[in-house]
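Worksheet for the structure shown next.
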Amino acid sequence: MTSRKAEEKPAKPLGGSVSFAPGVGGPRDYSMPEPSDDDLDETDEGHFVPPEPPPLPDTDITSRFAWLGVLGGPLLLLLAILLGWEMSWWLTTLCIGGFLGGFVTLVMRMRTDDEDDEDPGRGAVV
């Protein structure tokens with residue numbers, strides 16, 4: 001008797017699966033027409049084109065060598081480990097000293113323009 005009830009019950013659908021009928025289009029089976037200049041009215045501003053960014057400032061030779069030490073020291077150490085080079089004292093000193101020297105140089109040369117309080121790019125001023 002219980003087996004007959006189990007046979008009469010309809011099968012439950014599996015979870016939230018969605019099936020589309022054949023021949024029925026999906027949610028994005030069409031493409032929007034390209035807007036032309038005639039479609040824009042006075043309130044539309046059109047496509048935004050950002051201005052050209054300003055050129056990067058020139059760096060001096062001290063900053064370049066400092067960045068070379070900060071980035072090159074760990075990269076040389078990683079390369080030595082990956083290639084299985086013998087870690088002699090001069091290689092270790094060059095890598096660690098280059099990183100520390102470059103880092104200290106960059107930190108000491110940071111600008112501290114505290115007298116320029118009119119700069120709007122420094123966040124909220126209370």
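Everything in the sequence shown is counted per UniProt numbering, starting at 1 for the first residue and increasing by one.
We put the beta carbon where it would ideally sit given N, CA and C, even for glycine.
According to the neighbour-count rule (16 or more other Cβ atoms, all chains shown, within 10 Å of its Cβ), is residue i buried or exposed?
i: Val70; result: buried
i: Leu100; result: exposed
i: Ala66; result: buried
i: Leu68; result: exposed
i: Leu56; result: exposed
On a CA-only basis, which of the options is nearest residue i? Give me that one, please.
i: Pro74; options: Ile96, Pro51, Val104; result: Ile96
i: Gly72; options: Met108, Thr112, Met32, Phe103; result: Phe103
i: Arg64; options: Pro54, Trp89, Leu106; result: Leu106
For the alpha helix (DSSP H) containing residue i, name the first residue and the last one.
i: Ala66; result: 61–83
i: Val107; result: 89–108
- Message: Below 8 Å, how does it come out for the region 55–62 and the region 72–81: are there three or more Cβ pairs, yes or no?
- Response: no
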